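Novice: Below: one structure in structure tokens.
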Amino acid sequence: MHQSKGKLIITLGLSLALLLVPASAWAVPLSLSIDKSHIDKGIISVQYEQDNDSDMAIKISKDTISYDYRLSPGETYPLQAGDGKYMIMIGQAKGGNRYELIAKEEISLSLSEPHIVFLQSIQLIDWNQETPAVVKARELVKSARSDQERVALVYDYIVKNITYDNQKARTVQIGYIPKLDQVYSQSTGICYDYAALTAAMLRSVGVPAKLVTGYHKNDPAVYHAWNQVYLRDSKQWITIDTTYDSIIIKAGQYTPMIKNAADYIPHKFY
């Protein structure tokens, strides 16, 4: 954070900014409220009505960790940084990349199941029981007896059936959010799509899965997305990279499903 002309500015990861103004000047959209009815699952949503079509943003912070999202009514957002106090800030677009802070609230999280947040549908990993990829996941794992079997079956399907989309990788816009139905039906996508699809399919069959963004140590200039998956049988997180492995396997080469976590440099996880 820094001071600019006497006003406090918070820079957001989506190239947005929340401009903090005195509380008396807040212009709160009609009936805006933070929905905490599913906080026991580690997720929140924001319910509101607007008189115009201006963009909204939400910033979720805990200690030194912050996550920024475009805001849409009813979409869910994770509290994925563990138990403790979170600050929720909501901003409304005021032109350019500047967002005026219109509401904020501090909330406390205390989960009985620490991994439950990584089983939920969220804005970036949006699914329900009728999502075609989720229906496929249930079919794939119906005879599986362990989490590792479930992971292997979903992993095998994705690396063999989804093809990397080089054109999309060259043209994707800032703020892109994977559309899982489209990725699944077209069988193509970029790393973000692979990781979101993998997370959705695994979460839907009861396997906690993170979508992780960051870098591979062998290619530190390229932002990447992969997954960390929790195996309850062995009580451990494993790292898998369906994007990389899809390319390798389609080239007729072998690569192990479980990666060396030390080869990856996480930046954000969802």
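Using mature numbering (1 follows the signal peptide of the UniProt record, and there is no 0), the letters of the sequence shown map in sequence onto residues -27 to -1, 1 to 243. Cβ coordinates follow ideal geometry from the N, Cα and C atoms, glycine included. Treat the numbers as computed from the prediction; the structure is a model and nothing was measured.
If you reduce the DSSP assignment to three classes, tell me which class residue -21 lands in.
Specialist: Here residue -21 is taken as the residue at index 7 of the sequence shown, counted from 1. Its pLDDT being 28, under 50, residue -21 is placed unreliably in this model, and the value from its coordinates should be taken loosely. Strand at residue -21.
Novice: Taking the alpha-carbon of residue 230 as reference, which of 123, 144, 42 and 84 has the nearest alpha-carbon?
Specialist: On the sequence shown, position 257 is the one that residue 230 refers to. Of the candidates 123, 144, 42 and 84, the one whose C-alpha sits nearest the C-alpha of residue 230 is 123.
Novice: Report yes if the C-beta distance between residue 198 and residue 98 is below 8 Å; otherwise report no.
Specialist: Reading the sequence shown from its first residue, position 225 is the one you call residue 198. Reading the sequence shown from its first residue, position 125 is the one you call residue 98. Not closer than 8 Å, so no.
Novice: Mind listing, in chain order, the continuous alpha helix (DSSP H) runs of no fewer than 4 residues lying wholly within the stretch 58 to 144?
Specialist: Listed in chain order, the alpha helix (DSSP H) elements of length 4 or more contained wholly in the stretch 58 to 144 are 105 to 114, 120 to 134 and 139 to 144.
Novice: Which one or two residues does DSSP pair with residue 43 in a beta bridge?
Specialist: Against the sequence shown, residue 43 aligns to sequence position 70. According to DSSP, residue 43 bridges with 30.
Novice: How far does the beta strand (DSSP E) with residue 150 in it reach, from first residue to last?
Specialist: On the sequence shown, residue 150 is found 177 positions in, with the first residue counted as 1. No beta strand (DSSP E) holds residue 150; DSSP gives it neither H nor E.
Novice: Residue 30 to residue 70, Cα distance in whole Å?
Specialist: For the purposes of this step, residue 30 is identified with residue 57 of the sequence shown, where counting begins at 1. For the purposes of this step, residue 70 is identified with residue 97 of the sequence shown, where counting begins at 1. C-alpha separation (whole angstroms): 11 Å.
Novice: Where does residue 241 fall in DSSP's three states?
Specialist: As a working note, residue 241 is residue 268 in the sequence shown. If DSSP states are grouped into helix, strand and coil, residue 241 belongs with the strands.
Novice: Can you look up residue 37 in the DSSP assignment and give me helix, strand or coil?
Specialist: Counted from its first residue, the sequence shown places residue 37 at position 64. Correct three-state label for residue 37: coil.
Novice: Let me check one thing: in DSSP terms, what residues is residue 19 bridge-paired to?
Specialist: Taking the first residue of the sequence shown as position 1, residue 19 is located at position 46. According to DSSP, residue 19 bridges with 7.
Novice: With three or more beta-carbon pairs closer than 8 Å as the criterion, would you say the stretch 78 to 85 touches the stretch 106 to 126?
Specialist: no
Novice: Nearest-angstrom Cα distance between residue 117 and residue 207?
Specialist: The count along the sequence shown starts at 1 and reaches residue 117 at position 144. The count along the sequence shown starts at 1 and reaches residue 207 at position 234. Their backbone Cα atoms lie some 16 Å apart in a straight line.
Novice: Compute every distance between the C-beta of residue 119 and the non-hydrogen atoms of the ligand ZN, then say whether any falls below 7 Å.
Specialist: No copy of the ligand ZN occurs in the structure displayed, which carries no ligand at all.
Novice: Should residue 179 go down as buried or exposed, given a rule of 16 or more other Cβ atoms within 10 Å for buried?
Specialist: On the sequence shown, position 206 is the one that residue 179 refers to. Classification for residue 179: exposed.
Novice: Who are the near neighbours of residue 90 in its chain, counting only those whose CB is closer than 6 Å to its CB and skipping five residues on each side?
Specialist: Your numbering for residue 90 matches position 117 in the sequence shown. Closer than 6 Å at Cβ, skipping near neighbours: 15, 51 and 53.
Novice: Could you tell me the boundaries of the alpha helix (DSSP H) in which residue 172 lies?
Specialist: On the sequence shown, residue 172 is found 199 positions in, with the first residue counted as 1. From DSSP, the alpha helix (DSSP H) with residue 172 extends over 164 to 177.
Novice: Over what stretch of residues does the alpha helix (DSSP H) that includes residue 217 continue unbroken?
Specialist: The sequence position of residue 217 within the sequence shown is 244, counting from 1. Start and end: 215 to 223.
Novice: Using the rule of at least 16 other Cβ atoms within 10 Å of the residue's Cβ for burial, across every protein chain shown, is residue 209 buried or exposed?
Specialist: On the sequence shown, residue 209 is found 236 positions in, with the first residue counted as 1. It counts as exposed.
Novice: How far does the beta strand (DSSP E) with residue 204 in it reach, from first residue to last?
Specialist: The residue labelled residue 204 in the question sits at position 231 within the sequence shown. Note, residue 204: beta strand (DSSP E), 192 to 204.
Novice: Can you tell me where the beta strand (DSSP E) holding residue 182 begins and where it ends?
Specialist: Against the sequence shown, residue 182 aligns to sequence position 209. First-last of the beta strand (DSSP E) with residue 182: 182 to 189.
Novice: CB residue 72 to CB residue 66, shorter than 8 Å?
Specialist: Your numbering for residue 72 matches position 99 in the sequence shown. Your numbering for residue 66 matches position 93 in the sequence shown. The answer is yes: Cβ separation under 8 Å.
Novice: How is the beta strand (DSSP E) around residue 50 delimited, first residue to last?
Specialist: Your numbering for residue 50 matches position 77 in the sequence shown. Per DSSP, residue 50 belongs to the beta strand (DSSP E) from 49 to 51.
Novice: Taking all protein chains shown into account, do 16 or more other C-beta atoms lie within 10 angstroms of the C-beta of residue 145, making it buried, or fewer, making it exposed?
Specialist: The residue you call residue 145 lines up with position 172 of the sequence shown. Under this definition residue 145 is an exposed residue.
Novice: Write down the C-beta distance between residue 22 and residue 39 rounded to the nearest angstrom, noting that I regard them as a contact closer than 8 Å.
Specialist: One-based indexing of the sequence shown puts residue 22 at position 49. One-based indexing of the sequence shown puts residue 39 at position 66. In fact, because the Cβ distance is near 27 Å, the residues do not count as touching under 8 Å.
Novice: From the DSSP output, which residues share a beta bridge with residue 209?
Specialist: The residue labelled residue 209 in the question sits at position 236 within the sequence shown. For residue 209, which the question treats as bridged, DSSP gives the partners 204.
Novice: Please return the same chain residues whose Cβ sits closer than 7 Å to the Cβ of residue 132, not counting the five positions on each side in sequence.
Specialist: One-based indexing of the sequence shown puts residue 132 at position 159. For residue 132, where only same-chain residues beyond five positions count, the Cβ hits under 7 Å are 215, 218, 219 and 222.
Novice: Take residue 63 as the anchor and find which of 95, 136 and 27 has the nearest alpha-carbon.
Specialist: Numbered from its first residue, the sequence shown carries residue 63 at position 90. Each of 95, 136 and 27 was checked against the Cα of residue 63, and the nearest Cα belongs to 27.
Novice: Would you report the Cα separation of residue 182 and residue 76, rounded to the nearest angstrom?
Specialist: As a position in the sequence shown, residue 182 is number 209, starting the count at 1. As a position in the sequence shown, residue 76 is number 103, starting the count at 1. Those two C-alpha atoms are separated by around 31 Å.
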